[in-house]
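Residue numbers (this note's numbering): 832 to 1182.
Below you'll find the structure, written out as structure tokens, and then a few comments.
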């Protein structure tokens, strides 16, 4: 009843209360295991739902009070990232649903979390064989209900039918329209598309694709899930494509089979786009997550490094990589880091 949406004047005190050292750790450590996680998840969702209309504006339109509330929220998330990273890992999907696309650093905090028992390989390691990492075959745990939004326009039933036999060819033709926001989609005010439905579709199709790859020898590129992604990337307009690419990039996290699959999807879409505007938009989604302050998700770095280093993608030949000096410097900085790692490894081998 005292959540910020109901009592906005209490927002600062409310944030201080839910993040207090006598409350938040006790809630997240309560027994039975993770019983308090659902409650903390709900409290943070309430906070982001309240802040979302303000954060959707451009940075110079934010009031001083919203800026301070945002800074306080960032500090709380940094504490969670350090002390309870598994909490951020397991609920990343529902948090990404309520964070506006403009809050890139905020979203990176959720996507950079990884289990404390895991040691991340250096993404700049030369010739890193991602597909041979022991963790890359393990599925991530997702406690959010990522299928809930698929009820939008009865999408789940038609999606399942296409994934099963690919017989309904008309499904791909009207799918973009089914992802548009309706008048009742209040959380998406100001957007043409139902963003939670796009996020849900991407993760659901990805989980089905991974299950098919594990049970069959079907190539990743010749499958119903990839048909859906390839069709959407070409049929959607720039806004819808941006939301789709963001939904895919949201799964580029720590080493797991979702990170590996969606990294392959993005690289395949870049290679097969046949349209430089689409390739530029894929690059934009990756780049805007890299130019903000750290931390950066491991899977994001792996994907971007592969994109600029692998000659198959002919990345440096595209005109958008040279359109502005600032952009070109960012690309060169990442490439330089990768080359530096290769030189260091070469010197070690010689010694």
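All residues carry an ideal CB built from backbone N, CA and C; glycine is no exception.
These figures come from a predicted structure and were not determined experimentally.
Are residue i and residue j touching if we call contact CB-CB under 8 Å?
i            : j            : result
residue 1035 : residue 975  : no
residue 1096 : residue 1151 : no
residue 1056 : residue 966  : no
residue 952  : residue 964  : yes
residue 854  : residue 848  : yes
residue 972  : residue 981  : no
residue 939  : residue 1142 : no
residue 1003 : residue 1058 : yes
residue 929  : residue 876  : yes
residue 842  : residue 900  : yes
residue 992  : residue 1010 : no
residue 941  : residue 859  : no
residue 904  : residue 874  : no
residue 893  : residue 931  : no
residue 1037 : residue 1093 : yes
residue 1098 : residue 1090 : no
residue 1136 : residue 957  : no
residue 1131 : residue 1115 : no
residue 1040 : residue 1023 : no
residue 1122 : residue 1165 : no
Going by alpha carbons, who is nearest to residue i out of the options?
i            : options                : result
residue 1139 : 1167, 1129, 1154       : 1167
residue 913  : 930, 835, 944          : 944
residue 1124 : 839, 887, 1033, 934    : 934
residue 1107 : 1074, 1069, 1080       : 1069
residue 883  : 997, 1066, 1136, 1021  : 1021
residue 959  : 1153, 972, 1134        : 1134
residue 927  : 1161, 1075, 1011, 862  : 1075
residue 1111 : 1153, 895, 861, 1047   : 1153
residue 978  : 998, 1030, 999         : 1030
residue 1044 : 1088, 868, 1024        : 1088
residue 1077 : 1066, 1113, 906        : 1113
residue 1072 : 1007, 1120, 1122       : 1007
residue 833  : 881, 861, 851          : 881
residue 1064 : 1103, 993, 904         : 1103
residue 1105 : 1120, 1144, 1161, 1126 : 1144
residue 918  : 1160, 897, 946         : 946
residue 1118 : 874, 1149, 1080        : 1080
residue 868  : 895, 920, 902, 906     : 920
residue 989  : 1032, 1024, 1025       : 1032
residue 852  : 866, 902, 906, 896     : 906
residue 1025 : 948, 1040, 872, 1067   : 1067
residue 995  : 871, 1054, 1050        : 1054
residue 839  : 850, 897, 865          : 897
residue 909  : 1109, 844, 1126        : 1126
residue 1062 : 850, 1109, 1042        : 1109
residue 856  : 902, 888, 1148, 911    : 911
residue 1042 : 998, 968, 999          : 968
residue 925  : 948, 850, 871          : 871
Go to residue i, then tell me how far its alpha helix (DSSP H) extends in each direction, as first and last residue.
i            : result
residue 996  : 986 to 996
residue 855  : 855 to 859
residue 1065 : 1055 to 1066
residue 955  : Element bounds for residue 955: n/a, residue is neither H nor E.
residue 1002 : 1001 to 1009
residue 1037 : 1026 to 1046
residue 871  : 866 to 886
residue 1079 : 1069 to 1080
residue 849  : 842 to 849
Given the structure, does residue i come close to the ligand NAP, in the sense that its CB is under 7 Å from one of the ligand's heavy atoms?
i            : result
residue 1062 : This structure lacks the ligand NAP; in fact it carries no ligand of any kind.
When the cut-off is 8 Å and only beta carbons count, does residue i lie next to chain D?
i            : result
residue 1080 : Absent from the structure: chain D. Only one protein chain is present.
Could you name each continuous beta strand (DSSP E) segment of 3 residues or more that falls completely within the region 1083 to 1169, going from the start of the chain to the end? none
Counting only runs of 4+ residues fully inside the region 896 to 938, write out the alpha helix (DSSP H) ranges in chain order. DSSP runs (the alpha helix (DSSP H)) wholly in the region 896 to 938: 916 to 921, 923 to 929.
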